[in-house]
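Please read the structure below before turning to the comments.
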Amino acid sequence: MGAFDFVKIFRVNKSISIDLGTANILIYDKQRKKIVLNEPSVVARDRKTGRLIAVGREAREMLGKTPDSIQAIKPLQDGVIADIDSTKEMITYFIHKIYGNSLFKPEVMICVPIEVTSVERKALFDAVKGAKKTYIIEEGRAAIIGSGVDISQPEGSMVIDIGGGSTDIAILSLDEIIASKSIRIAGNRFDEDIVKYVKRKYNLLIGDRTAEKIKKELGSALKVQSPEIMEIKGRDLETGIPNTVEVNANEIYEAIEDSLFQIVNSTKEVLEKCPPELAADILDNGIVMTGGGSLIKNFIDMMEKEVGIKVFLSPNPLDSVVLGGGAAFDNKKLLRTLQMKEN
14 MGAFDFVKIF RVNKSISIDL GTANILIYDK QRKKIVLNEP SVVARDRKTG
64 RLIAVGREAR EMLGKTPDSI QAIKPLQDGV IADIDSTKEM ITYFIHKIYG
114 NSLFKPEVMI CVPIEVTSVE RKALFDAVKG AKKTYIIEEG RAAIIGSGVD
164 ISQPEGSMVI DIGGGSTDIA ILSLDEIIAS KSIRIAGNRF DEDIVKYVKR
214 KYNLLIGDRT AEKIKKELGS ALKVQSPEIM EIKGRDLETG IPNTVEVNAN
264 EIYEAIEDSL FQIVNSTKEV LEKCPPELAA DILDNGIVMT GGGSLIKNFI
314 DMMEKEVGIK VFLSPNPLDS VVLGGGAAFD NKKLLRTLQM KEN
């Protein structure tokens, strides 16, 4: 193979989808047909020099454990960019980690919350300046496509995408969003609820990572007769020394109940905006729930009970957004409706 052929291979068009999540960043490579990166959205830097020390999993391990000289931060908060410079560095780092110094300029599809502002959209375009073309697609639209639903048909489909920083609820038909709502209540809010509950009830201070573990193991959207029990460790706020207490699944339900019902009530609000013909379709087709928050035990059952419509869990709830972003490249009609910037 000659040098020209080698360069030509590395100049081949690439299309990648980025789910820029508050908790994790996922990258899907359309040509490889697989998710090539799934890492925590965390960076760690030296406070004095500003130099990046770690990104992703390594940086996440430092959260809450760093000395004063090191700052570990989440550059995305509630589904949007809170620190644009750190976000740019994080995206650049991960793309370089996957592709090295390849010569291609990829087409990039960035998945964002439905109600992201124009200022936030500009920040996202700026975050991937090296791309050939950059598209922005709403997470709700990407999530339902990634769940295997054909939204190009003239019938109503509905999705509830519960991520780390935000929940997107949308009704779609003919590739368009007909009614929607985005709320900044999702997985991270559940963690905060658990931290506050344990502090209030047991006078024990626990960290975000402990709260996340409790949520995954005990989190429930309904009370149960024989709740699971878990031993947790934290700092006693009276004595100041480490202590251990036991919590059960019904207590965690009490902790996150209000946030769960805010998602339910927002779902009802979106249904109230739905045109009658599409409402009939949704009654027949049901609602798709996706995102990490949809994995809370009994959440599907609770949602069905409250809205009176059949609810289905996406086949790939953690990956549906980034997979849908990748699939969107094949829908030329959809691409024409998306905000795009060409470099």
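Our numbering applies: residue 14 is where the sequence shown begins, and numbers increase by one. Beta carbons are placed, not taken as given, at the ideal position from N, Cα and C, and that holds for glycine.
Limits of the beta strand (DSSP E) - the one that residue i falls within
{"i": "Val68", "result": "65-68"}
{"i": "Lys194", "result": "189-196"}
{"i": "Leu326", "result": "324-326"}
Rounded straight-line distance, which links the Cα of residue j to that of residue i
{"i": "Lys101", "j": "Gly161", "result": "31 Å"}
{"i": "Arg349", "j": "Gly63", "result": "40 Å"}
{"i": "Ser327", "j": "Ile40", "result": "19 Å"}
{"i": "Lys27", "j": "Asp332", "result": "20 Å"}
{"i": "Glu3", "j": "Arg134", "result": "Not covered by the structure: residue 3. The range shown for the chain is 14 to 356."}
{"i": "Gly69", "j": "Pro88", "result": "11 Å"}
{"i": "Tyr210", "j": "Ala268", "result": "6 Å"}
{"i": "Glu355", "j": "Pro53", "result": "28 Å"}
{"i": "Val283", "j": "Glu244", "result": "39 Å"}
{"i": "Lys246", "j": "Ile127", "result": "38 Å"}
{"i": "Asn278", "j": "Ile66", "result": "42 Å"}
{"i": "Asp139", "j": "Val260", "result": "45 Å"}
{"i": "Leu235", "j": "Glu205", "result": "19 Å"}
{"i": "Met315", "j": "Gly321", "result": "10 Å"}
{"i": "Glu251", "j": "Lys212", "result": "11 Å"}
{"i": "Leu218", "j": "Asn256", "result": "9 Å"}
{"i": "Ile48", "j": "Gly339", "result": "10 Å"}
{"i": "Ser179", "j": "Gly92", "result": "5 Å"}
{"i": "Glu290", "j": "Ile191", "result": "12 Å"}
{"i": "Asn51", "j": "Asp98", "result": "20 Å"}
{"i": "Lys46", "j": "Gln352", "result": "24 Å"}
{"i": "Asp96", "j": "Gly177", "result": "17 Å"}
{"i": "Leu347", "j": "Glu230", "result": "39 Å"}
{"i": "Gly143", "j": "Ile38", "result": "18 Å"}
{"i": "Glu225", "j": "Tyr215", "result": "18 Å"}
{"i": "Lys358", "j": "Lys281", "result": "Missing from the structure shown is residue 358; the chain here goes from 14 to 356 and no further."}
{"i": "Ile149", "j": "Ser131", "result": "11 Å"}
{"i": "Lys228", "j": "Asp271", "result": "15 Å"}
{"i": "Gln36", "j": "Lys286", "result": "Note that residue 36 corresponds to Ala in the displayed sequence, not to Gln. Cα-Cα distance, rounded: 30 Å."}
{"i": "Ala156", "j": "Arg222", "result": "26 Å"}
{"i": "Gly153", "j": "Ile108", "result": "24 Å"}
{"i": "Met171", "j": "Val301", "result": "6 Å"}
Residues sharing a beta bridge with residue i, DSSP
{"i": "Tyr148", "result": "Met122, Met353"}
{"i": "Asn37", "result": "Pro53"}
{"i": "Gln58", "result": "Position check: residue 58 holds Arg in this sequence, whereas Gln was assumed. Answer is Leu65, Gln84, bridged to Arg58."}
{"i": "Val260", "result": "Met243"}
{"i": "Asp174", "result": "Asp181, Thr303"}
{"i": "Gln90", "result": "Val93"}
{"i": "Pro255", "result": "Arg248"}
{"i": "Leu217", "result": "Asp249"}
{"i": "Ile29", "result": "Asp42, Val121"}
{"i": "Ser233", "result": "Lys310"}
{"i": "Lys47", "result": "Asp42"}
{"i": "Ser186", "result": "Glu189"}
Nearest-angstrom beta carbon gap, residue j and residue i [assumed within contact, 8 Å]
{"i": "Glu151", "j": "Asp181", "result": "7 Å"}
{"i": "Lys43", "j": "Phe342", "result": "6 Å"}
{"i": "Leu137", "j": "Ile94", "result": "7 Å"}
{"i": "Ser233", "j": "Asn311", "result": "5 Å"}
{"i": "Ile184", "j": "Gly169", "result": "6 Å"}
{"i": "Gly299", "j": "Val324", "result": "6 Å"}
{"i": "Ile207", "j": "Ile265", "result": "6 Å"}
{"i": "Thr105", "j": "Ile123", "result": "The pair is not a contact, with the Cβ atoms about 14 Å apart (cut-off 8 Å)."}
{"i": "Asn263", "j": "Pro240", "result": "4 Å"}
Start and end residues, alpha helix (DSSP H) containing residue i
{"i": "Met315", "result": "312-320"}
{"i": "Ser333", "result": "333-340"}
{"i": "Lys135", "result": "131-140"}
{"i": "Ala199", "result": "Unbroken run through Ala199: none, as it is neither H nor E."}
{"i": "Ala292", "result": "289-298"}
**Asked** How about the segment 83-94 and the segment 46-59: do they share at least three Cβ pairs that are nearer than 8 Å?
**Response** yes
**Asked** If we count Cβ pairs, one from each stretch, closer than 8 Å, do we get three or more for the segment 333-353 versus the segment 30-37?
**Response** yes
**contact_flag[the segment 299-309, the segment 199-208] where n(CB pairs < 8 Å) is 3 or more** = yes
**Prompt:** For the segment 107-116 against the segment 73-81, are there 3 or more C-beta pairs whose distance is under 8 Å?
**Reply:** no
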